[in-house]
Structures are given as C-alpha cells and as structure tokens.
Amino acid sequence: MKAIWLALCLPSVFVKSAKLSRSASPRLQHDSSQATAFARLSSKNAVAQKLRKSHKDANACPDNQFPPVNVTVQGVGYLDDILSGDILGQLQTNLAGHPDWEIGKPWTLSMVADSVEREMDRKFGFAGGEGFNVFMVKKARVGQKIRVTDKVKTLAISTRLEYRGQDPITLEGAIHLTDICLRPMTCDAFFQQHKKECLDDDLWKRKLNPEQVTGHTRSMCCEQMKCAEEAPC
Ligand SMILES: *[C@@H]1O[C@H](CO)[C@@H](O)[C@H](O)[C@H]1NC(C)=O
C-alpha cells in the first residue's frame, strides 16, 4: 500500500519541487510589501536576496512527515478534525511507515500560525489521552511561530489532529497554519532542554548540525571524543 502511494505521489512531488525552485527567485521579490520595502532599503539587492535564501534553507525541516499543505481552520467544534480526510490519510500513512513513530517517543510539531479571530485563543493538538503536542494559537496575531515537543500517545493509524477548545470556531478563514512540520525530536531541541550537555566535556562533544540529527539522549546527540594516542584520556 505504501509502495503504491509512493509510486503515485513521488513524481508529482518532484515536479512540484522543480517548479518551486525555478520560480523561487521571482517569487521572493514579490513575497510581500515588507520584503519589497526591505529590498528597496538595501542598496545591495543581490546580497539581501542571498541572505534571505540562506535563512530559508536554515528553516527547512528534515525528516518532515507532515503532508506539504497549508491548513485553514474554520467551522470546527470540540475535538473535530482540522485535517481533511485525504490529508489525514496521507499523514497516517507517512507515520505508519516511519520507524520512530512509536508510543512514548518524542516528536516535534512546528508551524507558523495566523489568526484573525478577535475573541479567543484556540487550542489544538493530537488526539490521545489529554492530547499530545498540544498548542495554542493566539487571537489576532499573524506569524506566530509554534513549536512543541511531546511523547507520542497513539498508533499511526489512529492519529488525528484536532481542535481541542470548547467553543466552536465559526469565523470564515479564522486560522491559517503554514510551514507545518512534524518530525522526530532533533538534537537542537534536546540541547535546548539540556543546555550544558556535551559542552566543556572531556569525553563527549555535540554532533554537528544538531537540527538535522534525530535524537533525545546524550548518546544520540553527542559523540565520544577520540583521544589522541600520545595524550590518552
Ligand atoms: C503555504 O503558504 C505559504 C505562505 O503563505 C506559501 O508560500 C506556500 O506556497 C503555501 N503552500 C501551499 C502548499 O499552498
């Protein structure tokens, strides 16, 4: 089943990414009025574009299992799904095929959220127990960077992303979620939680590019230093 899904979907993914990279530079210029203003301010346009591109690369999310879609939330009540059936199915298929989606393993969910609601902050999260990877979208705020890490509480086939607030969301186009990424916890999050781990340590040093390395323990995120032969540890 997974093989069929891959066979059907991979070519279109490649086409999409090829198109994206070809149109990337013109799109950057028209991104937003803010970006245009920024470009105008900069006397060296090319330098500014380069900087923005590398910033974008740094935001890439390796091992992302969330389907490449943006989500609009409207017309949902308590514990309703916020993903449409086909997107949810795709997510479940991805997670079922990932060796790390296991109950008890830490995964990180991140996104950028925009809310045009005036009354209420809204709570979302995955179904299971009291919910996991639960996050709040604040009212009347755009560009909210959200990032939560939590232990998995459901099997892949019963994973659902839900609205978890009591009051229904009725406003049209109330909340937009973009840049959604779901992946196993990476070592940069581990180091945020354990600020001194593998620093000034005679035995361990941090692996390079911790945001690219999946891990939640010292032995996953650090490597033992090899001692020079003439100066054994
Ligand atoms: C999602 O939204 C972002 C920001 O508005 C946009 O650049 C991107 O193309 C959208 N992606 C999809 C799949 O619609």
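The opening residue of the sequence shown carries number 6 in the working numbering; numbering runs sequentially from there. Backbone N, C-alpha and C define an ideal beta-carbon position, used for all residues, glycine too. Remember, it's a predicted structure, so these values are computed and weren't measured experimentally.
Own chain, CB closer than 7 Å to Lys143, minus 5 neighbours either side, in chain order:
Residue numbering aside, residue 143 sits at position 138 when the sequence shown is read from its first letter. Only Ser120, Asp126 and Gln149 meet the Cβ criterion.
* To do: Per DSSP, which residues does Phe140 bridge with? Please list them.
  => If you number the sequence shown from 1, residue 140 lands on position 135. Beta-bridge partners of Phe140 (DSSP): Phe129.
- Which residues does DSSP pair with Val76 in a beta bridge? Within the sequence shown, the letter at position 71 stands for residue 76. In DSSP, Val76 forms a bridge with Leu182.
Taking 8 Å as the line, does the beta carbon of Thr191 fall inside it for any heavy atom of ligand 1? Indexing the sequence shown from 1 puts residue 191 at position 186. No, the beta carbon of Thr191 sits no closer than 8 Å to any heavy atom of ligand 1.
Open item on the list: For the beta strand (DSSP E) containing Asp155, name the first residue and the last one.
Closed with: Here residue 155 refers to the residue found at position 150 of the sequence shown. That run of the beta strand (DSSP E) goes Arg146 to Lys156.
Any idea what DSSP makes of Gln95, helix, strand or coil?
Walking along the sequence shown from the start, residue 95 turns up at place 90. When secondary structure is reduced to three states using DSSP, Gln95 falls in the helix class.
(message) For a test of the three-state rule: what should DSSP assign to Ile87, helix, strand or coil?
(response) Here the question's residue 87 lines up with position 82 in the sequence shown. Ile87 falls in the coil class under three-state DSSP.
Excluding sequence positions up to five away, which residues of its chain have a Cβ less than 8 Å from the Cβ of Leu96? Position 91 of the sequence shown, counting from 1, holds the residue named residue 96. Sequence-distant partners of Leu96 (beyond 5 residues in either direction) whose C-beta falls short of 8 Å from its own C-beta, in its chain, are Gln70, Phe71, Pro72, Leu88, Thr164, Leu166 and Leu187.
Worksheet entry | Contact test: Asn75 Cβ vs ligand 1 heavy atom, cutoff 8 Å | Here residue 75 refers to the residue found at position 70 of the sequence shown. It does: the Cβ of Asn75 is within 8 Å (strictly closer) of some heavy atom of ligand 1.
Quick check: does the Cβ of Asp184 come within less than 8 Å of any heavy atom belonging to ligand 1? Walking along the sequence shown from the start, residue 184 turns up at place 179. Yes, ligand 1 has a heavy atom inside 8 Å of this Cβ.
Fill in: Alpha carbon of Leu84 to alpha carbon of Gly170, nearest angstrom
Counting from 1 along the sequence shown, the entry for residue 84 is found at position 79. Counting from 1 along the sequence shown, the entry for residue 170 is found at position 165. One C-alpha to the other measures close to 8 Å.
| task | Taking 9 Å as the cut-off, decide whether the C-beta atoms of Val76 and His221 are in contact. | result | Translated into positions along the sequence shown, residue 76 becomes position 71. Translated into positions along the sequence shown, residue 221 becomes position 216. No, Cβ-Cβ distance for Val76 and His221 is not below 9 Å.
Problem - Within 9 Å, strictly: CB atoms of Val153 and Cys192 - result: Within the sequence shown, numbered from 1, the residue matching residue 153 stands at position 148. Within the sequence shown, numbered from 1, the residue matching residue 192 stands at position 187. No, the Cβ-Cβ distance between Val153 and Cys192 is not below 9 Å.
task = May I have the straight-line CA-CA distance separating Arg146 from Trp106, to the nearest angstrom?
result = Residue 146 sits at position 141 when you count from the first residue of the sequence shown. Residue 106 sits at position 101 when you count from the first residue of the sequence shown. Cα to Cα, the separation comes out at about 32 Å.
Discussion item. Shorter than 8 Å, the distance from the beta carbon of Glu167 to the closest heavy atom of ligand 2, or not?
Written reply: The model on display carries ligand 1 but not ligand 2.
* Taking Lys158 as the reference, give the member of Gly130, Ala179 and His199 with the closest Cα. => Along the sequence shown, one-based indexing puts residue 158 at 153. Nearest C-alpha to Lys158: Gly130.
Comparing alpha-carbon positions, which option in Leu213, Ala118 and Asp155 lies nearest Met190? Along the sequence shown, one-based indexing puts residue 190 at 185. For the residues Leu213, Ala118 and Asp155, the minimum Cα distance to Met190 belongs to Asp155.
Let me check one thing: in DSSP terms, what residues is Asp68 bridge-paired to? Taking the first residue of the sequence shown as position 1, residue 68 is located at position 63. Asp68 is not bridged to any residue.
Classify Glu122 as buried or exposed, calling it buried when 16 or more other Cβ atoms lie within 10 Å of its own Cβ. Numbered from 1 along the sequence shown, position 117 holds the residue referred to as residue 122. Per the 10 Å Cβ criterion, buried.
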